[in-house]
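Peer 1: In this text, residue positions in the sequence shown follow my numbering: the first is 4, and each later residue adds one.
Dropping a structure here in C-alpha cells format, bear with me for questions.
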Amino acid sequence: MAPETPNGSTIRGSGFPGSTAPFARIVWPFAIAETLVWACYYYSFPALLPTWEVELGFSKTELTGAFTLSLIVSAVLAPMAGRQIDHGRGRIVFAGGAVLAAGMLFLLAQVTEVWQFYAVWVGIGVGMAGSLYEPCFAIITHSMGSQARRAIILVTLAAGFAGTVSFPSAHILTGLFGWRVTVIVFALVVVTVCVPLIFYGCRHAASSALTAAPRASSNARQAMGVTRTLTFWMIAIAFSLLALDHGLILSHLLPILANRGLSQDMAVFAASMIGPMQVAGRLAMIAAERHVSVLAICCACFISMSLAGTAIYLTTSFALLIVPFIILQGAGAGVLSIIRPTVVAELLGRKDFGVVSGMLAVGFVAGSAFAPTVASLFWRVGGYDLVLLLTIAIPLAALLAIIGAWRTRQE
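Below, the structure written as C-alpha cells:
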C-alpha cells in the first residue's frame, strides 16, 4: 500500500517510496549542489580570511564584520524565501540565490576597498537566503512528505564534505594563482555545476509536490501564529545559541588553530577534517535514531559541542586534544544540521514549514552572523582563550533551552 502524505493524499511511487518523481532525482542533485554552494561561498570566507587580512590590509574585525552583515541579510530574508517555497516557487528561489551569489563572487575578485568588500558580501547574503540549507530543506519538506527526513539526512551527509572541499581547494588555488582567481573558480563551479543540478532537482520536486505538499496557509499572519507559542521561542533560543557557538569557532578556525600551536599546513588539515566528522556524526545519528528519542539526540549534540570547546581550550597543554576537538565539533555540527528541521517538524508540525523554518532561521543565521564579529571583539579583550571559554558555556545554555522546548510542547 502506498504511504500517505501529511495532508492525507496517497503518494504514488516510482521505484522510490514517498515521491511521484524518483527519490534519487531530487536528493542527489540537491546533495551535490549544497556541498558545492557551501564550499564556494560560505566556507570560502573562513578559508580565505587569513589571506585577505594580509593582502587586502583590512583588519580582522573589518573582514568579519562583512561576513556578519552578509548573514544578517540572509536571516532577514529567510522567512520570505520560505513563504515563496510554501507556495511552490522553490525553483526560482533556489536557483536564483545560487546565480546571484556566483555573480557576487565574480565581483569579489575585483575588490580593493572596504566598502566594496561589504557591498559584495551583502549581495552574497541575499544569495545565501535562497540557496543554503534552509530553502533546500524547505523544498524537500514541501515536496517529499514522509520521506523528507530521509532526504535531508542524505543531503547533509554529502554536504558535510563542503569544508573538506573548500579549505584545501582555497589553500592550493591561492598558493598557485592567488585568492582572486580562487573566488572566480568558485563562482564558475556554482554557475556551471550547481545551478543546472538545482534546476534538475527542483523540476522533479515540483512534480512530487503536486501530491505530497500540505496546503499552505492563505496568509502570512496565519502562518506566523506559531510565534505565539513558548515552544517556538525555546527552539529559536536553543538553535540560535548553537549557531553562535559553532560560528565562533568556524569563522576563526585557522587563527585559533595557529594560536594553539599548529602549523599552517596542519591547521588546514585539521579544518578540513571537520567535514568528515560531520558526516560521521550524521551516520551515528542514523544508527541511533531508532533506539533513542529526538530529544536525547539533541542533548548529545549540545553536550558534544561543549566538550569540543573544552578540548581545544586545553590543547595548549595537551596537544593531542586537537583530535577529540575535531571529532566532537564536527559530529555535533553535523547532527545539528539534521536535527533542526526534525525538531521543527516534530514540535511545530509540517504545515507552513517553509515560513516557520524561515522565521526560526532568522535567529539561527543571526547567531552565525554575529559569531565572527563577537569572536573578534572577545579576542581583542582576552585573546582566543576567552573566545573558547564561551564555546564551552554557550552549548550548555542551549541545552537548557531545548529541554524547555520539549516541556512546553503542545500535545
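Ideal Cβ positions, reconstructed from N, Cα and C, are used throughout, including at glycine.
When you compare the CB positions of residue 369 and residue 144, do they come within less than 9 Å of one another, or not?
Peer 2: Here the question's residue 369 lines up with position 366 in the sequence shown. Here the question's residue 144 lines up with position 141 in the sequence shown. Cβ atoms of residue 369 and residue 144: not closer than 9 Å.
Peer 1: Contact defined as beta carbons within less than 8 Å: I believe residue 120 pairs with residue 164. What is the distance between those atoms, to the nearest angstrom?
Peer 2: Against the sequence shown, residue 120 aligns to sequence position 117. Against the sequence shown, residue 164 aligns to sequence position 161. Actually they do not touch by this definition, with Cβ atoms about 28 Å apart.
Peer 1: Is the separation between the beta-carbon of residue 189 and that of residue 274 shorter than 9 Å?
Peer 2: In the sequence shown, counting from the first residue as 1, residue 189 sits at position 186. In the sequence shown, counting from the first residue as 1, residue 274 sits at position 271. No, they are not a contact pair.
Peer 1: What do you get for residue 124, buried or exposed, if any count of 16 or more other CB atoms within 10 angstroms of its CB means buried?
Peer 2: Translated into the one-based positions of the sequence shown, residue 124 becomes position 121. With 16 or more Cβ atoms within 10 Å of its Cβ, residue 124 is classed as buried.
Peer 1: Mind the definition here: the segment 239 to 247 touches the segment 292 to 299 only if three or more C-beta pairs lie below 8 Å; say whether that holds.
Peer 2: no
Peer 1: Look at the Cβ atom of residue 81, then the Cβ atom of residue 250, and state whether they are nearer than 9 Å.
Peer 2: On the sequence shown, position 78 is the one that residue 81 refers to. On the sequence shown, position 247 is the one that residue 250 refers to. Not a contact, by the Cβ cut-off of 9 Å.
Peer 1: With residue 86 and residue 407 assumed to form a contact (beta carbons below 8 Å), what rounded beta-carbon distance in angstroms separates them?
Peer 2: Taking the sequence shown and counting its residues from 1, the one referred to as residue 86 is at position 83. Taking the sequence shown and counting its residues from 1, the one referred to as residue 407 is at position 404. The Cβ separation is near 28 Å, so there is no contact.
Peer 1: How many angstroms separate the CA atom of residue 110 from the CA atom of residue 77?
Peer 2: Translated into positions along the sequence shown, residue 110 becomes position 107. Translated into positions along the sequence shown, residue 77 becomes position 74. Linking residue 110 to residue 77 through their CA atoms gives a straight-line distance of about 19 Å.
Peer 1: How many angstroms separate the CA atom of residue 215 from the CA atom of residue 393?
Peer 2: The residue you call residue 215 lines up with position 212 of the sequence shown. The residue you call residue 393 lines up with position 390 of the sequence shown. Note that residue 215 scores 49 on pLDDT, short of 50, meaning its location in the model is unreliable and no value can be drawn from it.
Peer 1: Please report how far the alpha carbon of residue 374 lies from the alpha carbon of residue 262, in whole angstroms.
Peer 2: For the purposes of this step, residue 374 is taken as the residue at position 371 of the sequence shown. For the purposes of this step, residue 262 is taken as the residue at position 259 of the sequence shown. Looking at the two C-alpha atoms, the distance is approximately 18 Å.
Peer 1: For residue 141 versus residue 187, is the C-beta spacing smaller than 9 Å?
Peer 2: Locating residue 141 in the sequence shown gives position 138, counting from the first residue. Locating residue 187 in the sequence shown gives position 184, counting from the first residue. Between residue 141 and residue 187, the C-beta gap is not smaller than 9 Å, which leaves the two residues out of contact.
Peer 1: Measuring alpha carbon to alpha carbon, tell me which residue in 154, 331 and 267 is nearest residue 398.
Peer 2: Within the sequence shown, residue 398 is the residue found at index 395, counting from 1. Here the closest residue by C-alpha is 331.
Peer 1: When burial is assigned at 16 or more other CB atoms within 10 Å of the CB, is residue 118 buried or exposed?
Peer 2: By one-based count along the sequence shown, residue 118 stands at place 115. The residue in question, residue 118, is exposed, as its Cβ has fewer than 16 Cβ neighbours within 10 Å.
Peer 1: What span of residues does the alpha helix (DSSP H) with residue 317 cover, start to end?
Peer 2: Walking along the sequence shown from the start, residue 317 turns up at place 314. Residue 317 -> no alpha helix (DSSP H), and no H or E assigned at all.
Peer 1: If you draw a straight line from the C-alpha of residue 73 to the C-alpha of residue 128, how long is it?
Peer 2: Stepping through the sequence shown from its first residue, residue 73 is reached at position 70. Stepping through the sequence shown from its first residue, residue 128 is reached at position 125. Taking the straight line joining both Cα atoms gives about 4 Å.
Peer 1: Which residues mark the beginning and the end of the alpha helix (DSSP H) in which residue 292 is found?
Peer 2: The sequence position of residue 292 within the sequence shown is 289, counting from 1. Looking at the DSSP string, residue 292 is not in any alpha helix (DSSP H), and its letter there is neither H nor E.
Peer 1: Give me, in chain order, the residues of the same chain whose beta-carbon lies closer than 8 Å to that of residue 300; leave out the 5 immediate sequence neighbours on both sides.
Peer 2: Counted from its first residue, the sequence shown places residue 300 at position 297. Cβ within range, chain order: 288, 291, 292, 338 and 342.
Peer 1: Using only CA atoms, which one of 396, 317, 285 and 308 lies nearest to residue 159?
Peer 2: Locating residue 159 in the sequence shown gives position 156, counting from the first residue. The option with the nearest alpha carbon to residue 159 is 285.
Peer 1: Quick check on residue 116: does DSSP put it in helix, strand or coil?
Peer 2: Reading the sequence shown from its first residue, position 113 is the one you call residue 116. Three-state DSSP puts residue 116 in coil, outside helix and strand.
Peer 1: Does the count of Cβ pairs from the segment 201 to 208 and the segment 87 to 105 closer than 8 Å reach three?
Peer 2: yes
Peer 1: Once you ignore the five residues that flank residue 3 on each side, which residues in its own chain have a CB closer than 6 Å to its CB?
Peer 2: Here the chain comprises residues numbered 4 to 414, so residue 3 is not present and cannot be evaluated.
Peer 1: Quick one: which unbroken alpha helix (DSSP H) runs of 4-plus residues sit fully inside the segment 123 to 172? Chain order, please.
Peer 2: 136 to 147 and 151 to 162
Peer 1: Residue 365 to residue 280, Cα distance in whole Å?
Peer 2: Position 362 of the sequence shown, counted from the first residue, corresponds to residue 365. Position 277 of the sequence shown, counted from the first residue, corresponds to residue 280. Those two C-alpha atoms are separated by around 26 Å.
Peer 1: Going along the chain, which residues of its own chain have a beta-carbon closer than 8 Å to the beta-carbon of residue 64, five neighbours each way excluded?
Peer 2: Looking up residue 64 in the sequence shown gives position 61. Only 376, 379, 380 and 383 meet the Cβ criterion.
Peer 1: Looking at the structure shown, is residue 360 part of a helix, part of a strand, or coil, going by DSSP?
Peer 2: Taking the sequence shown and counting its residues from 1, one reaches residue 360 at position 357. Three-state DSSP puts residue 360 in a helix.
Peer 1: Which of the three DSSP states, helix, strand or coil, is assigned to residue 1?
Peer 2: This structure does not reach residue 1, given that the chain is present from 4 up to 414, and the question cannot be answered.
Peer 1: Are the CB atoms of residue 207 and residue 50 within a distance shorter than 9 Å?
Peer 2: The sequence position of residue 50 within the sequence shown is 47, counting from 1. The sequence position of residue 207 within the sequence shown is 204, counting from 1. Contact flag unset, no.
Peer 1: Any idea if residue 180 is buried or exposed, counting beta-carbon neighbours within 10 angstroms, 16 or more meaning buried?
Peer 2: Residue 180 sits at position 177 when you count from the first residue of the sequence shown. Flag for residue 180 reads exposed.
Peer 1: Which value, in whole angstroms, describes the spacing of the CA atoms of residue 283 and residue 329?
Peer 2: Here the question's residue 283 lines up with position 280 in the sequence shown. Here the question's residue 329 lines up with position 326 in the sequence shown. Distance between the alpha carbons of residue 283 and residue 329: 11 Å.
Peer 1: When the Cα atoms are used, what is the spatial distance from residue 278 to residue 58?
Peer 2: The count along the sequence shown starts at 1 and reaches residue 278 at position 275. The count along the sequence shown starts at 1 and reaches residue 58 at position 55. Whole-angstrom Cα-Cα distance: 27 Å.
Peer 1: Just to confirm my understanding: we take residue 361, look at its own chain, exclude 5 residues before and 5 after, and list those with CB closer than 8 Å. What are they?
Peer 2: Along the sequence shown, read from residue 1 onward, the residue named residue 361 stands at position 358. For residue 361, where only same-chain residues beyond five positions count, the Cβ hits under 8 Å are 81, 82, 83, 84, 85, 86, 137 and 141.
Peer 1: Who are the near neighbours of residue 115 in its chain, counting only those whose CB is closer than 8 Å to its CB and skipping five residues on each side?
Peer 2: Looking up residue 115 in the sequence shown gives position 112. Answer for residue 115: 59, listed in chain order.
Peer 1: Pick out the complete alpha helix (DSSP H) segments inside the segment 40 to 122, 4 residues or longer, and give them in chain order.
Peer 2: 47 to 58, 63 to 89 and 93 to 111
Peer 1: For residue 38, which of helix, strand or coil comes out of DSSP?
Peer 2: One-based indexing of the sequence shown puts residue 38 at position 35. Correct three-state label for residue 38: helix.
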